[in-house]
Amino acid sequence: MNSDGQRLAPRPRVAFITGAAGGIGRGIAEHLAELGYSLGLSDLSETGLRAVANHITETSGVTVSARAADLADRESVQAAVDATVSRLGGLDVLVNCAGILNDARIEKMDPAVFRQVLDVNLIGMLTTTAAALPALRHSGSGRIISLTSRAWLGNFGSTNYAASKGGIAGVSRSLSLGLATDGITVNCIAPGFIETPMSNSMPTEIIERVRQSIPVGRVGQPLDVARTVAFLADAGSGYITGQSIPVCGGRSISGSMRKAPASA
Amino acid sequence: MTTSAFTTIDLADTTPPADAPASSVVVLVYRGADGDPTLDTADLERAVVDPLMTAFSAVQHHWTAITEARHRGRVVILAPASAALGDPLRPLDCAVTGALISFVRSVAIELQRHGGGANAVFYATDPNEPAVTELIATLTAEHAAAVTGQEIYAANGPDLGRLHP
């Protein structure tokens, strides 16, 4: 109701997405826009963020609040969340998508690189979640959806990345139990190989080896992840919490880099 | 560099292991953060990053000895079972423990080509209780390298009927 006692139209659900300028983040943002969500978008890259925000605004007409943020800077993250809540009238869905990858074998891993990946991927997720929690509690059907990775199951040369993603899975189990009575669900999505500008920079022969190891016979697309996000983000998905859902074409149960059989 | 067979490292100890003798069997113990820190109030670097950096630094410091020991090389991580399964009151302990689980899985994968093993053991309240120490003795026995990348609860079954992380 407004101050004159008139019933107000319900606002669209609002989602805040970190890493929105990246391949998967952009795919999630575009898909949620198609479904009518208002969007708060954040990324370290201001230029990339503006491009995504402008494209979504022009093609879908939904309201977008875009603000660059450094996940290592708590104030910067809080400002981006606050801008979304202020402009869009609340917050229902947090999608923790931002992350970096910097692989090396244990003996060659620079400790500073190990720490950097933890800071961005894990501490960034914790900081963003803390910033968003008050608004999510107010939603009544809040959703926290965090992108881990198939690497959460363990990955060669990726102790830092795997640890950061395992940390997200671990804290999500705790939060799912602690926030259940607030109507907030907390889930993780663990993508396998997803075709993005970053993954396309890998050598062609490596991509082909990966493709052959994926039981469904193709690499994933950002939309594969985005559809899973949309399912979990829906207000009707309140009975699913504390889960980690691999979106990997079956590779999480087939083993990595093993050649698929020629025929079933 | 001098070597010894067995080293136990408390992840609350952030002292760099630069001068510690290298060992082929490394046991890392996580006991949880002091108090009940929350996402809002905690020093996340100290509560979350520091123990994980200690774990990585320790494994890296001992890595040559672990890999050169071939099938005798071991990494074992000990952590509270409640933090592994999800404790609503201790989100940061759960973050650290979840990270340690994925870390040791990745260590196991890297160690596989050298013949060694890496596992996680979860305790109820005390990492020194007999069920835990006997399990560590088994996992670090000479012919136990085939047991690797596993997460084992030595805590009277808190995981029974629950999905593992």
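The listed protein sequences correspond, in order, to chains A and B. The numbering of the first sequence is the working numbering, which starts it at -14 and goes up by one. The numbering of the second sequence is the working numbering, which starts it at 1097 and goes up by one. Think of the CB as a built atom: it goes at the ideal place given N, C-alpha and C, for glycine as much as any other residue.
*chain A contact residues for Q1156 (chain B), given Cβ-Cβ distances below 8 Å*: Residue mapping note: residue 1156 (chain B) aligns to position 60 of the second sequence, counting from 1. For Q1156 (chain B), the chain A residues whose C-beta falls within less than 8 Å of its own C-beta are I91, E92, M94 and P96, listed in chain order.
*asked:* Per DSSP, what are the beta-bridge partners of L1124 (chain B) in this structure?
replied: For the purposes of this step, residue 1124 (chain B) is taken as residue 28 along the second sequence, with counting starting at 1. Answer is B:I1105 and B:I1173.
*Can you say whether C1190 (chain B) is buried or exposed, counting buried as having 16 or more other CB atoms within 10 angstroms of its CB?*
Taking the second sequence and counting its residues from 1, the one referred to as residue 1190 (chain B) is at position 94. Under the 10 Å beta carbon count, C1190 (chain B) is surrounded by 16 or more other beta carbons and is classified as buried.
*Distance, Cα to Cα, I192 (chain A) vs N185 (chain A)?*
Taking the first residue of the first sequence as position 1, residue 192 (chain A) is located at position 207. Taking the first residue of the first sequence as position 1, residue 185 (chain A) is located at position 200. Approximately 8 Å, taken between the alpha carbons.
*Regarding R122 (chain A) and the ligand NAD, is the C-beta to nearest heavy atom distance less than 7 Å?*
This structure lacks the ligand NAD, and indeed carries no ligand of any kind.
_R1201 (chain B): contacting residues in chain A (beta-carbon distance under 7 Å)_ = In the second sequence, counting from the first residue as 1, residue 1201 (chain B) sits at position 105. Going along chain A in sequence order, the residues near R1201 (chain B) (Cβ under 7 Å) are L138, G139 and A147.
*Count the other CB atoms within 10 Å of the CB of S71 (chain A); is the residue buried (16 or more) or exposed (fewer)?*
Stepping through the first sequence from its first residue, residue 71 (chain A) is reached at position 86. The residue in question, S71 (chain A), is exposed, as its Cβ has fewer than 16 Cβ neighbours within 10 Å.
*Can you tell me which of the three DSSP states F178 (chain A) falls into?*
Walking along the first sequence from the start, residue 178 (chain A) turns up at place 193. Three-state result, F178 (chain A): coil.
*Y1249 (chain B) bridges to which residues according to DSSP?*
Numbered from 1 along the second sequence, position 153 holds the residue referred to as residue 1249 (chain B). Under DSSP, the beta-bridge partners assigned to Y1249 (chain B) are B:F1218.
*Which whole-angstrom value describes the C-beta separation of A6 (chain A) and A1195 (chain B), a residue pair presumed to lie in contact below a C-beta threshold of 8 Å?*
Residue 6 (chain A) sits at position 21 when you count from the first residue of the first sequence. Residue 1195 (chain B) sits at position 99 when you count from the first residue of the second sequence. With 8 Å as the limit, A6 (chain A) and A1195 (chain B) do not qualify as a contact, their Cβ atoms being about 26 Å apart.
*Does the segment 164 to 179 of chain A come close enough to the segment 120 to 128 of chain A to have 3 or more Cβ pairs within less than 8 Å?*
At 8 Å Cβ cutoff, the stretches touch.
*Out of A:V214, A:V195, A:A36 and A:G163, which has the shortest C-alpha to C-alpha gap to A175 (chain A)?*
Locating residue 175 (chain A) in the first sequence gives position 190, where the first residue counts as 1. Cα-wise, what sits closest to A175 (chain A) is A:V214.
*Spatial neighbours of T1244 (chain B) within its chain, please: CB distance less than 8 Å, with the 5 preceding and 5 following residues excluded, ordered by chain position.*
Translated into positions along the second sequence, residue 1244 (chain B) becomes position 148. Excluding sequence neighbours, T1244 (chain B) sits near A1204, L1207, Q1208, G1212, G1213, A1214 and N1215.
_Contact list for the segment 100 to 121 of chain A against chain B, Cβ threshold 8 Å_ = The residues in question are R100, L103, D104, L107, I108, L111, T112, T114, A115 and L118.
*asked:* Once the 5 residues before and after V204 (chain A) are set aside, which same chain residues still bring their CB inside 6 Å of it?
replied: Within the first sequence, residue 204 (chain A) is the residue found at index 219, counting from 1. The beta carbon of V204 (chain A) is closer than 6 Å to those of F178, E180 and R196 in its chain, skipping five residues each way along the sequence.
_To the nearest angstrom, how far is the alpha carbon of G75 (chain A) from that of E60 (chain A)?_
Stepping through the first sequence from its first residue, residue 75 (chain A) is reached at position 90. Stepping through the first sequence from its first residue, residue 60 (chain A) is reached at position 75. C-alpha separation (whole angstroms): 19 Å.
*Proximal residues to L107 (chain A) (C-beta, below 7 Å), its chain only, five neighbours per side dropped*: Against the first sequence, residue 107 (chain A) aligns to sequence position 122. So the list reads S149, G152 and I153, once near-sequence residues are dropped.
*asked:* Quick check: what's the CA-CA separation for L1188 (chain B) versus C82 (chain A)?
replied: Walking along the second sequence from the start, residue 1188 (chain B) turns up at place 92. Walking along the first sequence from the start, residue 82 (chain A) turns up at place 97. Rounded to the nearest angstrom, the two C-alpha atoms are 20 Å apart.
*Any beta-carbon of chain A closer than 8 Å to the one on E1206 (chain B)?*
Counted from its first residue, the second sequence places residue 1206 (chain B) at position 110. In terms of beta-carbon proximity, E1206 (chain B) lines the interface with chain A, with at least one pair separated by less than 8 Å.
_Using 8 Å as the threshold, is the C-beta distance between A14 (chain A) and V37 (chain A) below it?_
On the first sequence, position 29 is the one that residue 14 (chain A) refers to. On the first sequence, position 52 is the one that residue 37 (chain A) refers to. Contact: yes.
*Taking G1128 (chain B) as the query, report the chain A residues whose CB atoms sit under 7 Å from its CB, ordered along the chain.*
Residue mapping note: residue 1128 (chain B) aligns to position 32 of the second sequence, counting from 1. Going along chain A, no residue has its Cβ under 7 Å from G1128 (chain B), so there is no contact; the nearest lies around 12 Å.
*Of all the CB atoms in chain B, is at least one closer than 8 Å to the CB of G227 (chain A)?*
For the purposes of this step, residue 227 (chain A) is taken as residue 242 along the first sequence, with counting starting at 1. By this cut-off, G227 (chain A) is an interface position.
*Below 8 Å between beta carbons: does that hold for V210 (chain A) and G12 (chain A)?*
As a position in the first sequence, residue 210 (chain A) is number 225, starting the count at 1. As a position in the first sequence, residue 12 (chain A) is number 27, starting the count at 1. At a Cβ-Cβ threshold of 8 Å, V210 (chain A) and G12 (chain A) count as neighbours.
*Could you tell me which residues DSSP pairs with N81 (chain A) in its beta bridges?*
What you label residue 81 (chain A) is simply residue 96 of the first sequence in a count that begins at 1. Answer is A:S131, bridged to N81 (chain A).
*Under three-state DSSP, which class holds I225 (chain A)?*
Numbered from its first residue, the first sequence carries residue 225 (chain A) at position 240. Correct three-state label for I225 (chain A): coil.
*For D1115 (chain B), count neighbouring Cβ atoms within 10 angstroms of its own Cβ and tell me buried if that reaches 16, exposed if not.*
On the second sequence, residue 1115 (chain B) is found 19 positions in, with the first residue counted as 1. Label assigned to D1115 (chain B): exposed.
*To which residues of the same chain is P(-5) (chain A) closer than 8 Å at the C-beta, ignoring the five residues directly before and after it?*
Taking the first sequence and counting its residues from 1, the one referred to as residue -5 (chain A) is at position 10. No residues qualify anywhere along the chain.
*Among A:S143, A:G202 and A:L217, which residue has its Cα nearest to the Cα of I85 (chain A)?*
For the purposes of this step, residue 85 (chain A) is identified with residue 100 of the first sequence, where counting begins at 1. If you compare the alpha carbons of A:S143, A:G202 and A:L217 with that of I85 (chain A), the shortest gap goes to A:S143.
_Amino acids of chain B, ordered along the chain, whose beta-carbon sits closer than 8 Å to that of L162 (chain A)_ = As a position in the first sequence, residue 162 (chain A) is number 177, starting the count at 1. Per Cβ cutoff of 8 Å: G1182, D1183 and P1184.
*Cutoff 8 Å: S143 (chain A) Cβ touching any chain B Cβ*: Locating residue 143 (chain A) in the first sequence gives position 158, counting from the first residue. Chain B, which has a Cβ nearer than 8 Å to the Cβ of S143 (chain A), makes this yes.
*Report the residues of the segment 1129 to 1140 of chain B with a CB closer than 7 Å to any CB of chain A, ordered along the chain.*
Against chain A - using a Cβ distance shorter than 7 Å - the residues of the segment 1129 to 1140 of chain B are L1135, D1136 and L1140.
*Residue range of the alpha helix (DSSP H) that A115 (chain A) falls in?*
Position 130 of the first sequence, counted from the start, is the residue given in the question as residue 115 (chain A). Per DSSP, A115 (chain A) belongs to the alpha helix (DSSP H) from G109 to S124.
*Keeping to the same chain, check which residues put their C-beta closer than 8 Å to that of D95 (chain A); ignore five residues upstream and five downstream.*
Position 110 of the first sequence, counting from 1, holds the residue named residue 95 (chain A). The beta carbon of D95 (chain A) sits closer than 8 Å to those of A89, all from its chain and outside the five residues before and after it, given in chain order.
*When you check each C-beta in the segment 1147 to 1174 of chain B against every C-beta of chain C, which residues fall closer than 9 Å?*
No chain C is present in this structure, whose protein chains are A and B.
*Assign A117 (chain A) to one of two classes, buried (16 or more other C-beta atoms within 10 Å of its C-beta) or exposed (fewer than that).*
Translated into positions along the first sequence, residue 117 (chain A) becomes position 132. By the beta-carbon neighbour count (other beta carbons within 10 angstroms, threshold 16), A117 (chain A) is buried.
*Can you tell me whether DSSP reads S1119 (chain B) as helix, strand or coil?*
Start at 1 with the first residue of the second sequence, and residue 1119 (chain B) comes out as number 23. DSSP, read as helix, strand or coil, puts S1119 (chain B) in strand.
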